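Q: Protein chains in written order, with the numbering used here: chain A, 1 to 192; chain V, 1 to 192.
Positions of the beta carbon are idealized from the N, C-alpha and C atoms, including for glycine.
Fair warning: this is a prediction, and the values are worked out from it, not measured in the lab.
(1) Quick one: Cα of residue 30(A) to Cα of residue 43(A), how far?
(2) Select from 81(A), 82(A), 118(A) and 57(A) the residue whose C-alpha is nearest the C-alpha of residue 70(A).
(3) In chain order, what residues of the same chain have a beta carbon less than 6 Å from the beta carbon of residue 90(V), not counting five sequence neighbours either side?
(4) Mind checking if residue 99(A) is an interface residue toward chain V, Cβ cutoff 7 Å exclusive?
(5) If we call anything under 7 Å between Cβ atoms a contact, is residue 167(A) one with residue 106(A)?
(6) If you check the beta carbons only, do residue 40(A) and residue 51(A) fall under 7 Å apart?
(7) With a 10 Å radius around its C-beta and 16 neighbouring C-beta atoms as the bar for buried, classify residue 152(V) as buried or exposed.
(8) Should residue 82(A) go down as buried or exposed, given a rule of 16 or more other Cβ atoms within 10 Å for buried?
(9) If you compare alpha carbons, which of 67(A), 24(A) and 181(A) is closest to residue 170(A)?
(10) State the Cα-Cα distance for the pair residue 101(A) and residue 139(A), rounded to the nearest angstrom.
(11) Return helix, strand or coil for residue 181(V), following the three-state DSSP convention.
(12) For residue 136(V) versus residue 164(V), is the C-beta spacing smaller than 7 Å?
(13) I believe residue 24(A) touches residue 85(V) by the beta-carbon criterion, under 8 Å. Please report the beta-carbon distance rounded to the nearest angstrom.
(14) Check each residue of the region 12–35 of chain A: if its Cβ is closer than 7 Å to any Cβ of chain V, include it; give the result in chain order.
(15) Check residue 68(A) in the structure and name its three-state DSSP category.
(16) Using a beta-carbon distance cut-off of less than 8 Å, what residues from the region 111–144 of chain V approach chain A?
(17) Just reading off the beta strand (DSSP E) that residue 137(V) is part of, what are its end residues?
(18) Among residues of its own chain, excluding the 5 on either side of residue 127(V), which ones have a beta-carbon nearer than 7 Å to its beta-carbon?
(19) Is it buried or exposed for residue 37(V), if we count other Cβ within 10 angstroms and need 16 for buried?
(20) Please report the Cβ distance between residue 132(A) and residue 77(A), rounded to the nearest whole angstrom; I am assuming they are in contact, meaning their Cβ atoms lie under 8 Å.
(21) How far does the alpha helix (DSSP H) with residue 25(A) in it extend, from its first residue to its last?
(22) Output yes if chain A places a C-beta closer than 7 Å to the C-beta of residue 103(V); else output no.
(23) Secondary structure at residue 96(A), three-state DSSP: helix, strand or coil?
(24) Closest to residue 79(V) by C-alpha separation, out of 173(V), 178(V) and 154(V), would be which residue?
(25) Chain V beta carbons: is any one of them nearer than 7 Å to that of residue 182(A)?
(26) Quick one: using the 10 Å Cβ neighbour count with 16 as the cut-off for buried, is residue 183(V) buried or exposed?
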């Protein structure tokens with residue numbers, strides 16, 4: 001095995017969800033698909049050169065501030081998400097027309113992540129002129145804890161705070177739902 | 001989501017065992033670990049420039065023929081493997097001191113791979129002066145079928161042909177072994 005080959009396998013192993021076997025398989029695959037290899041190497045360089053985190057919302061962008069933050073026609077709402085990748089997913093729904101704010105994670109004492117490690121102060125500075133903050137952290141234990149913490153901090157500022165609904169995912173069935181999901185669905189029931 | 005970002009995710013998805021979610025996670029990870037990103041991009045370019053398949057054995061190398069093929073002190077044996085990656089694994093054992101020959105796969109009618117798609121003619125041309133051919137294809141249905149085919153072809157040339165032993169992996173236990181493994185272990189028994 002050559003030196004450059006070994007080094008590349010080691011670098012790939014440092015990526016999330018890539019083990020030694022997958023790294024090896026990838027490098028062999030690339031040796032056979034040289035065009036793809038070229039594409040990936042250039043693609044990584046291009047993304048590293050061009051893509052930045054937006055200094056306002058924390059989303060990913062090629063221009064700072066990003067297109068969404070620059071759009072003055074958006075509704076005066078901020079949707080708070082954990083991860084930059086959550087933004088395109090929510091945009092795709094077409095039902096939300098406000099701004100975003102990326103926390104960059106959730107409060108997780110086990111992992112040593114406290115509120116000071118998240119982009120919460122940056123959020124507080126964006127509230128002026130806003131009508132509502134929608135907390136769209138994930139429906140996990142940490143996501144819920146972070147939502148509760150944010151609610152306290154935001155209500156002190158007198159802004160309307162909402163949380164995305166948790167309940168049964170459309171298309172699922174009650175007999176297969178776990179009890180936490182079902183409890184949330186019951187708690188979140190609406191009058192018809 | 002930016003254009004360069006999307007393009008990179010698509011390229012990564014073309015790799016084996018990388019799905020859309022993993023591709024996204026990798027690109028985000030790289031945005032945070034720019035040094036690693038640089039290393040991988042340069043690593044891919046370096047491997048593509050330097051690493052070639054050896055024209056003799058089919059293994060990977062930076063010089064052609066490879067170090068092993070150039071080594072005249074090796075025992076006059078050829079170990080036949082499916083994949084270039086099998087070579088370093090066998091070398092590591094330290095018990096084999098001969099040459100290698102990579103088939104580049106196995107006979108698999110289901111996948112439309114016949115003997116003519118493998119490096120078998122190249123093997124036939126390397127037999128002169130050799131004492132033994134060790135067939136080290138994987139102990140799978142296709143690997144065994146390929147071994148049988150190769151044995152026929154090689155015996156016609158009057159060369160000694162052996163197959164690596166299949167049996168219980170050291171450290172395993174009989175009560176947990178499947179019956180194919182156990183049958184092989186019984187068939188391959190040796191007098192003590």
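A: Short version:
(1) Locating residue 30(A) in the first chain gives position 30, where the first residue counts as 1. Locating residue 43(A) in the first chain gives position 43, where the first residue counts as 1. Answer to the nearest angstrom: the Cα atoms are 14 Å apart.
(2) Position 70 of the first chain holds residue 70(A). Comparing Cα-Cα distances from residue 70(A) to each of 81(A), 82(A), 118(A) and 57(A), the minimum goes to 57(A).
(3) Within the second chain, the letter at position 90 stands for residue 90(V). Contacts found: 96.
(4) Position 99 of the first chain, counted from the start, is the residue given in the question as residue 99(A). No, because no Cβ of chain V sits closer than 7 Å to the Cβ of residue 99(A).
(5) The sequence position of residue 167(A) within the first chain is 167, counting from 1. The sequence position of residue 106(A) within the first chain is 106, counting from 1. Not a contact, by the Cβ cut-off of 7 Å.
(6) Locating residue 40(A) in the first chain gives position 40, counting from the first residue. Locating residue 51(A) in the first chain gives position 51, counting from the first residue. The Cβ atoms of residue 40(A) and residue 51(A) do not sit closer than 7 Å to each other.
(7) Here residue 152(V) is taken as the residue at index 152 of the second chain, counted from 1. That one is exposed.
(8) Counted from its first residue, the first chain places residue 82(A) at position 82. Buried: at least 16 other Cβ atoms inside 10 Å.
(9) For the purposes of this step, residue 170(A) is taken as residue 170 along the first chain, with counting starting at 1. Of the listed residues, the one whose Cα sits closest to residue 170(A) is 181(A).
(10) Locating residue 101(A) in the first chain gives position 101, where the first residue counts as 1. Locating residue 139(A) in the first chain gives position 139, where the first residue counts as 1. For residue 101(A) and residue 139(A), the distance between alpha carbons rounds to 17 Å.
(11) Taking the second chain and counting its residues from 1, the one referred to as residue 181(V) is at position 181. DSSP places residue 181(V) within a helical segment (H, G or I) once states are collapsed to three.
(12) Here residue 136(V) refers to the residue found at position 136 when the second chain is read from its first residue. Here residue 164(V) refers to the residue found at position 164 when the second chain is read from its first residue. Yes, they are a contact pair.
(13) For this step, residue 24(A) is matched to residue 24 along the first chain. For this step, residue 85(V) is matched to residue 85 along the second chain. About 6 Å separates the two Cβ atoms, so the contact holds.
(14) 12, 14, 15, 16, 17, 22, 24, 25, 26, 27, 28, 29, 30, 31 and 34
(15) In the first chain, the residue the question calls residue 68(A) occupies position 68. Correct three-state label for residue 68(A): helix.
(16) none
(17) Taking the second chain and counting its residues from 1, the one referred to as residue 137(V) is at position 137. Here residue 137(V) belongs to no beta strand (DSSP E), and DSSP marks it neither H nor E.
(18) Within the second chain, residue 127(V) is the residue found at index 127, counting from 1. Result list for residue 127(V): 157 and 159, in chain order.
(19) In the second chain, the residue the question calls residue 37(V) occupies position 37. By the 10 Å Cβ count, residue 37(V) comes out buried.
(20) Within the first chain, numbered from 1, the residue matching residue 132(A) stands at position 132. Within the first chain, numbered from 1, the residue matching residue 77(A) stands at position 77. About 5 Å; that satisfies the 8 Å criterion.
(21) Position 25 of the first chain, counted from the start, is the residue given in the question as residue 25(A). Residue range 20–32 is occupied by the alpha helix (DSSP H) that includes residue 25(A).
(22) Position 103 of the second chain, counted from the first residue, corresponds to residue 103(V). Not an interface residue.
(23) Position 96 of the first chain, counted from the first residue, corresponds to residue 96(A). It is coil, neither helix nor strand.
(24) Walking along the second chain from the start, residue 79(V) turns up at place 79. It is 154(V).
(25) The residue labelled residue 182(A) in the question sits at position 182 within the first chain. So no, residue 182(A) is outside the interface.
(26) On the second chain, position 183 is the one that residue 183(V) refers to. Result: exposed.
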